[in-house]
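This report refers to the structure that appears directly beneath it.
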Amino acid sequence: MCLSRRAMLTAAGFAALSFPSFAFGQTPRRALFVLIILRGGMDGLGAAPAIGDPLFAQAREGLAPPATGDGAPLLLDGFFGLHPALLETHRLYAARQALIVHAVGTAYRERSHFDAQNSLEIGLATPHGRDTGWLNAALGALPGGEGLSVGVATPLALRGPAPTSSWSPSVLEAPEEGTVARLQALYAAQDPALAAALRAGAETAMTAEDLAMGAGRGRNLAPLARAAGRFLRDPEGPMAAVLELGGWDTHAAQATALGPFSRALRSLDGGVLALREALGTAWDDTVVAVVTEFGRTVGMNGAGGSDHGQGSAMFLLGGAVAGGRVLADWPGLGRSALAEGRDLAVTTAMNDVLAGVLADHLNVSSRALSEAVFPDAGLRPVSGLIRG
Amino acid sequence: MPDLALAAIAAHRFGFGPRPGELSAIAGDPRGWVKAQLRAPASEPPAIAALPAAEDDLLAFRRWLARQRLSARGETEMAGAGEQASASQEGRQAASLEQSYVGAFRDRFVRAVNARIIAAATSDAPVLERLVHFWGNHFTVSSLKPAASVLPPSFERDVARAHAQGRFSTMLIASCRHPGMLIYLDNVLSVGPNSSAGLTGRGAPRAPGGAGGQVRDINENLAREVLELHTMGVEAGYTQADVQALAAILSGWTVDRPRRRDILSDQAGERSGDELFRFDEALHEPGPQRLLGELYPDHGLAQGEAALLALSRRPETARFLAFKLARHFVSDAPPAAVIARMAQAYLDSDGDLTSTVEAMVDSPEAWEAPLVKFRRPEDYLIALLRSLNIQALPESTAWATTALASMGQRPFSAPGPDGWDDTEAGWIGADQVWKRVEFASEMAERFAGADLRASALAEAWLGPLLSAATRRALQQAESPAQALTLLFAAPEMQRR
Numbered sequence: 001m002c003l004s005r006r007a008m009l010t011a012a013g014f015a016a017l018s019f020p021s022f023a024f025g026q027t028p029r030r031a032l033f034v035l036i037i038l039r040g041g042m043d044g045l046g047a048a049p050a051i052g053d054p055l056f057a058q059a060r061e062g063l064a065p066p067a068t069g070d071g072a073p074l075l076l077d078g079f080f081g082l083h084p085a086l087l088e089t090h091r092l093y094a095a096r097q098a099l100i101v102h103a104v105g106t107a108y109r110e111r112s113h114f115d116a117q118n119s120l121e122i123g124l125a126t127p128h129g130r131d132t133g134w135l136n137a138a139l140g141a142l143p144g145g146e147g148l149s150v151g152v153a154t155p156l157a158l159r160g161p162a163p164t165s166s167w168s169p170s171v172l173e174a175p176e177e178g179t180v181a182r183l184q185a186l187y188a189a190q191d192p193a194l195a196a197a198l199r200a201g202a203e204t205a206m207t208a209e210d211l212a213m214g215a216g217r218g219r220n221l222a223p224l225a226r227a228a229g230r231f232l233r234d235p236e237g238p239m240a241a242v243l244e245l246g247g248w249d250t251h252a253a254q255a256t257a258l259g260p261f262s263r264a265l266r267s268l269d270g271g272v273l274a275l276r277e278a279l280g281t282a283w284d285d286t287v288v289a290v291v292t293e294f295g296r297t298v299g300m301n302g303a304g305g306s307d308h309g310q311g312s313a314m315f316l317l318g319g320a321v322a323g324g325r326v327l328a329d330w331p332g333l334g335r336s337a338l339a340e341g342r343d344l345a346v347t348t349a350m351n352d353v354l355a356g357v358l359a360d361h362l363n364v365s366s367r368a369l370s371e372a373v374f375p376d377a378g379l380r381p382v383s384g385l386i387r388g
Numbered sequence: 389m390p391d392l393a394l395a396a397i398a399a400h401r402f403g404f405g406p407r408p409g410e411l412s413a414i415a416g417d418p419r420g421w422v423k424a425q426l427r428a429p430a431s432e433p434p435a436i437a438a439l440p441a442a443e444d445d446l447l448a449f450r451r452w453l454a455r456q457r458l459s460a461r462g463e464t465e466m467a468g469a470g471e472q473a474s475a476s477q478e479g480r481q482a483a484s485l486e487q488s489y490v491g492a493f494r495d496r497f498v499r500a501v502n503a504r505i506i507a508a509a510t511s512d513a514p515v516l517e518r519l520v521h522f523w524g525n526h527f528t529v530s531s532l533k534p535a536a537s538v539l540p541p542s543f544e545r546d547v548a549r550a551h552a553q554g555r556f557s558t559m560l561i562a563s564c565r566h567p568g569m570l571i572y573l574d575n576v577l578s579v580g581p582n583s584s585a586g587l588t589g590r591g592a593p594r595a596p597g598g599a600g601g602q603v604r605d606i607n608e609n610l611a612r613e614v615l616e617l618h619t620m621g622v623e624a625g626y627t628q629a630d631v632q633a634l635a636a637i638l639s640g641w642t643v644d645r646p647r648r649r650d651i652l653s654d655q656a657g658e659r660s661g662d663e664l665f666r667f668d669e670a671l672h673e674p675g676p677q678r679l680l681g682e683l684y685p686d687h688g689l690a691q692g693e694a695a696l697l698a699l700s701r702r703p704e705t706a707r708f709l710a711f712k713l714a715r716h717f718v719s720d721a722p723p724a725a726v727i728a729r730m731a732q733a734y735l736d737s738d739g740d741l742t743s744t745v746e747a748m749v750d751s752p753e754a755w756e757a758p759l760v761k762f763r764r765p766e767d768y769l770i771a772l773l774r775s776l777n778i779q780a781l782p783e784s785t786a787w788a789t790t791a792l793a794s795m796g797q798r799p800f801s802a803p804g805p806d807g808w809d810d811t812e813a814g815w816i817g818a819d820q821v822w823k824r825v826e827f828a829s830e831m832a833e834r835f836a837g838a839d840l841r842a843s844a845l846a847e848a849w850l851g852p853l854l855s856a857a858t859r860r861a862l863q864q865a866e867s868p869a870q871a872l873t874l875l876f877a878a879p880e881m882q883r884r
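In order, the protein sequence lines correspond to chains G and S. Following the working numbering, the numbering of the first sequence begins with 1 at its first residue and continues without gaps. Following the working numbering, the numbering of the second sequence begins with 389 at its first residue and continues without gaps.
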């Protein structure tokens with residue numbers, strides 16, 4: 001660490017001679033964090049199949065991917081694979097920028113989407129334990145910590161006393177630029193407050209101008225992710241953002257290549273790609289945590305889908321992640337190993353993983369973590385998730 | 389001598405803005421135009437009268453709940469043995485629950501929103517409509533709480549509209565009796581611990597969500613908000629002991645449980661919110677209570693009525709209501725003299741709301757203040773509809789609901805019991821203003837036609853309020869649609 005840092009400074013010193021504006025004058029690097037909430041309960045065993053488990057094919061009959069050919073999983077470490085729709089995630093894994101955590105979950109053990117998402121977002125076992133989100137609490141513990149929600153409503157994870165802002169694509173049509181300019185002149189002439197608001201509003205809208213074009217609602221993550229990337233890479237911008245993606249409640253037709261599950265995964269993967277491209281070099285200082293409220297049943301239901309379960313998978317992506325591996329205390333798929341006889345058991349607490357990221361990436365103090373961010377007893381932040 | 393400038397103030401500040409031709413009609417006696425509306429006998433606008441009764445909304449909700457439970461049970465029984473199969477049913481039910489709710493109540497909700505908007509947009513007594521909206525927001529019941537989600541429209545009609553020209557104490561008591569408020573602020577879950585239900589559990593309500601058991605204790609929610617939001621205001625100096633006393637006094641104020649056969653039948657419910665009220669002695673905390681130094685002996689229902697009446701007569705209440713009314717109509721920082729006069733009129737008339745509002749209309753300051761009050765999205769939308777003389781919205785179209793949600797003010801859905809923010813700061817955010825400009829543009833695209841000229845519309849709508857800069861901008865616009873957008877979004881249209 002010390003060596004590489006000195007090497008970097010030396011290089012910067014040389015660069016300063018010829019290209020002053022690109023060297024010391026640059027703004028200090030900032031750690032960035034993006035939370036992507038997959039609403040509906042993502043099937044972790046579908047996204048990251050445990051193909052090396054001898055019981056996998058049988059336990060997942062009807063849902064397991066073929067070993068070869070169309071629909072075969074992308075290989076990770078031999079034991080785990082990735083759904084073929086997750087091309088960008090797989091590339092990141094190869095570049096050691098993706099870490100998959102498996103058999104992970106919140107402390108909530110019932111099966112209501114809404115309560116489970118509440119629990120995930122406030123960071124407590126009890127779904128209505130407070131109305132402050134854990135990410136808001138974490139930002140509140142950091143100097144200048146500000147969060148951004150990209151979407152119509154601010155997700156609970158980000159709600160609370162710490163400052164947040166929001167941006168969403170409009171369902172209304174944007175007026176023509178010429179009209180906006182004229183209106184701006186009119187406001188400037190007689191209403192300074194309106195003029196200031198319109199200037200800021202138009203700017204934000206322009207930053208995300210491509211969003212107005214066919215962003216669709218909810219199903220296509222890429223435009224929203226691109227907008228989030230642009231807000232985050234601004235040195236004065238927020239340090240954390242929350243994105244949401246629905247469509248994971250796959251009770252039917254889950255295994256089909258063109259079915260809802262594949263579509264949702266492609267949207268997620270495309271969103272990750274768009275985010276990386278929009279962040280540019282800031283991607284190197286970014287951790288993206290992809291989480292869901294619960295996993296799904298191991299076995300297939302009567303409709304070719306899966307039902308609300310427990311353990312799922314989560315992804316940590318980004319240049320700051322110590323990736324290229326799968327982290328799992330694998331519980332196994334034998335009947336007796338399944339939770340309530342039907343679900344992948346939770347062996348890793350999601351809050352422990354998130355706490356590890358917040359501690360080592362954003363420098364949230366261990367005291368703030370255990371008192372404000374994840375105040376339930378027994379928090380043990382996982383170390384080593386972030387590139388040293 | 390007709391006064392167009394005063395007419396514009398009357399129409400914009402005290403109403404929702406004029407319809408075409410209305411300014412010159414008002415100009416003969418602007419102040420008289422406002423005051424006549426306050427004293428005229430109110431008739432319920434047809435669109436509002438046609439909305440279902442509170443009981444019908446409540447029954448629809450209970451029927452829907454019953455259907456959900458029934459289908460849940462049915463599917464579980466059909467599924468029989470297989471663990472797998474029952475898990476599948478359960479998942480499918482959870483997934484379809486929200487969809488089913490939206491499907492069942494969307495039309496009801498949209499119809500109520502459209503009725504409220506069209507009533508205001510077509511009213512000959514817009515000042516009264518403004519007051520209905522004001523009191524509806526003062527006593528907020530929000531659709532954001534699922535159990536109360538169908539009740540805000542009937543609450544507004546039964547409480548705010550019914551009593552806007554009457555005594556505040558009447559409105560306050562009506563509010564506390566309406567199922568909308570009783571459910572929204574949890575008084576239906578309030579049980580005196582020493583009441584018979586509290587002691588034995590017999591007749592005690594069940595905790596919501598199915599998970600919990602019976603409720604055997606006081607819920608302070610309604611009592612706290614009555615003191616903090618509805619009467620004295622948070623700075624009035626009451627204590628937690630007062631909140632507890634009022635909560636005990638109001639325990640037993642609950643909703644008549646719908647009969648099983650009414651739920652099973654398909655008949656429309658006809659009872660108003662007030663007719664659904666029930667005082668349940670079995671839930672009422674027995675004994676006298678001391679509230680704000682006064683002792684209220686336990687005469688059951690009369691104990692609560694006496695306490696609410698006394699609260700309505702407090703000088704703190706008079707000042708709080710006067711301040712909120714003046715802030716709503718005149719300016720974010722209303723002149724102290726106006727507030728003082730209104731509060732005095734309120735106390736002198738034993739809380740007569742018409743006298744209180746009249747004191748504002750009679751205050752010269754209320755007419756002299758510059759037109760700086762920033763219209764909230766719903767006021768803004770209604771003002772534009774009036775300027776275009778729109779007479780109807782197709783009953784089932786969610787256009788207005790969607791537009792208002794986008795601008796941050798989905799009707800009947802205020803974020804909390806304190807209602808919508810009534811100051812500029814709450815509405816002049818960058819995204820909010822941008823969405824408003826987009827809305828202005830959409831309205832222009834929708835209504836721009838060969839026969840609609842922005843300049844003429846501007847003169848009819850604003851009269852002397854139209855600024856030289858806006859007039860010039862309209863003349864120089866590059867298209868009729870652009871001119872309309874500029875007019876709809878102009879500062880004079882955003883403020884009143």
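For each residue, glycine too, the CB sits at the ideal point set by N, CA and C. These figures come from a predicted structure and were not determined experimentally.
Nearest residue (CA-CA) to residue i, options the options
i: residue 396 of chain S; options: S:651, S:573, S:756; result: S:756
i: residue 534 of chain S; options: S:489, S:440, S:394; result: S:489
i: residue 315 of chain G; options: G:29, G:38, G:359, G:204; result: G:38
i: residue 372 of chain S; options: S:511, S:698, S:635; result: No information on residue 372 of chain S is available, as it lies outside the stretch 389 to 884 that chain S covers here.
i: residue 826 of chain S; options: S:794, S:850, S:778; result: S:794
i: residue 35 of chain G; options: G:100, G:292, G:297, G:87; result: G:292
i: residue 55 of chain G; options: G:298, G:303, G:378; result: G:298
i: residue 335 of chain G; options: G:326, G:345, G:328, G:329; result: G:345
Rounded C-alpha distance that separates residue i from residue j
i: residue 847 of chain S; j: residue 723 of chain S; result: 30 Å
i: residue 150 of chain G; j: residue 40 of chain G; result: 18 Å
i: residue 710 of chain S; j: residue 618 of chain S; result: 12 Å
i: residue 286 of chain G; j: residue 159 of chain G; result: 22 Å
i: residue 70 of chain G; j: residue 83 of chain G; result: 11 Å
i: residue 717 of chain S; j: residue 181 of chain G; result: 32 Å
i: residue 859 of chain S; j: residue 841 of chain S; result: 12 Å
i: residue 833 of chain S; j: residue 408 of chain S; result: 20 Å
i: residue 261 of chain G; j: residue 278 of chain G; result: 26 Å
Chain S residues whose Cβ lies nearer than 7 Å to that of residue i
i: residue 167 of chain G; result: 819
i: residue 190 of chain G; result: 855, 857, 879
i: residue 197 of chain G; result: 816, 817, 818, 821
i: residue 201 of chain G; result: 818, 819, 821, 822
Cβ neighbour criterion (16 or more within 10 Å) applied to residue i
i: residue 685 of chain S; result: exposed
i: residue 652 of chain S; result: exposed
i: residue 114 of chain G; result: exposed
i: residue 412 of chain S; result: exposed
i: residue 622 of chain S; result: exposed
i: residue 469 of chain S; result: Note that residue 469 of chain S scores 42 on pLDDT, short of 50, meaning its location in the model is unreliable; the coordinates nonetheless yield the value given after this. The residue is exposed, with fewer than 16 neighbouring Cβ atoms inside 10 Å.
Beta-carbon neighbours of residue i, restricted to chain G and to distances below 7 Å
i: residue 343 of chain S; result: The displayed coordinates of chain S run from 389 to 884. Any statement about residue 343 of chain S would go beyond what the structure contains.
i: residue 861 of chain S; result: 182, 186
i: residue 882 of chain S; result: 194
Chain-ordered chain S contacts of residue i [CB-CB under 8 Å]
i: residue 59 of chain G; result: Within chain S, no residue comes near residue 59 of chain G; the closest Cβ sits about 12 Å away, beyond 8 Å.
i: residue 205 of chain G; result: 822
Chain G contact residues for residue i, given Cβ-Cβ distances below 9 Å
i: residue 811 of chain S; result: Simply none; closest approach about 12 Å.
Please go through the segment 782-823 of chain S and give each complete alpha helix (DSSP H) segment of 4 or more residues, from N-terminal end onward.
-> 787-794
Of all the alpha helix (DSSP H) runs that stay within the bounds of the segment 110-193 of chain G, which reach a length of 4 or more residues?
-> 113-122, 134-140, 177-190
Taking only runs of the alpha helix (DSSP H) that begin and end inside the segment 44-68 of chain G, which ones reach a length of at least 4 residues, in chain order?
-> 44-47, 56-59
Every unbroken alpha helix (DSSP H) inside the segment 315-387 of chain G [4 residues or more] = 350-361
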